[in-house]
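Residue numbers (my numbering): 126 to 209.
In this text, a Cβ means the ideal position worked out from N, Cα and C, and glycines have one as well.
This structure is a prediction, so every number in the text was calculated from the model and none was measured.
Okay, structure first, notes after.
Here's what the structure looks like:
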């Protein structure tokens, strides 16, 4: 996925849910991807708290595989959860 993303140092609206939700039942998946897996012009590496096109805040990595990664996101304008 290519596109515009920003890394915010200030929490956005979706962040208020992240502290209570993301650690409840899903284990944290540290060290499962390396930046070397993201060559220029390919997929965009994302991290928790990143903002994607100023529309979605990345809250949690739901899963990954050989073809895709699925992120739990907070849609800022509609204030709804999305999986991207």
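No residue range can be given for residue 204, since it is assigned to no beta strand (DSSP E) and is classified by DSSP as neither H nor E. Secondary-structure assignment with DSSP links residue 183 through a beta bridge to 198. By the neighbour-count criterion, in which a residue is buried when 16 or more other Cβ atoms sit within 10 angstroms of its Cβ, residue 206 is exposed.
Residue 160 counts as exposed, since fewer than 16 other C-beta atoms from the protein chains shown sit within 10 angstroms of its C-beta.
Annotation: the continuous beta strand (DSSP E) that includes residue 175 extends over 175-177.
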